[in-house]
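One structure is given here, and the rest of the page talks about it.
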Amino acid sequence: MKVKLNRWNAVSVWQWGEVQDEVCGICRVAFEGTCPTCRYPGDDCPLVLGVCKHAFHIHCIVKWIDTDSRGSCPMCRQPFQMAME
Ligand SMILES: [Zn+2]
Ligand SMILES: [Zn+2]
Ligand SMILES: [Zn+2]
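In this note's numbering, the protein residues as written are 1390 to 1474.
Laid out in structure tokens, this is it:
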């Protein structure tokens, strides 16, 4: 019984660690929050996923693409393309 409990704890700690990595690579704010120019999370500040599997707040990546002449992903420097669902 005790061993089982320890295993559960280990799993939940690992999952929590994964969640903490979920921040926007541009503004460094968690995905559950908004980009610096928005006040309310949700539909007004959606997330976009690139084909390279990097995700950003839509306003962050739009601004970034605007200023980056090559339009590349700030995380992996590949040309950023939104992954359509
Ligand atoms: Zn952002
Ligand atoms: Zn926003
Ligand atoms: Zn990328």
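All residues carry an ideal CB built from backbone N, CA and C; glycine is no exception.
Keep in mind that this is a model prediction, so the values were computed, not measured.
Could you tell me which of 1466, 1468 and 1431 sits nearest to residue 1446, measuring between CA atoms?
-> 1431
Output the residue ranges of the alpha helix (DSSP H) runs that lie fully inside the region 1408-1456 and measure 4 residues or longer, sorted by chain position.
-> 1447-1456
CB-CB length for residue 1424 against residue 1441, believed under 8 angstroms = Actually they do not touch by this definition, with Cβ atoms about 19 angstroms apart.
Leaving aside the five residues before and after residue 1457 along the sequence, list all residues of the same chain whose C-beta is less than 8 angstroms from its C-beta, in chain order.
-> 1463
Taking the alpha-carbon positions, what's the residue 1418 to residue 1459 distance?
-> 24 angstroms
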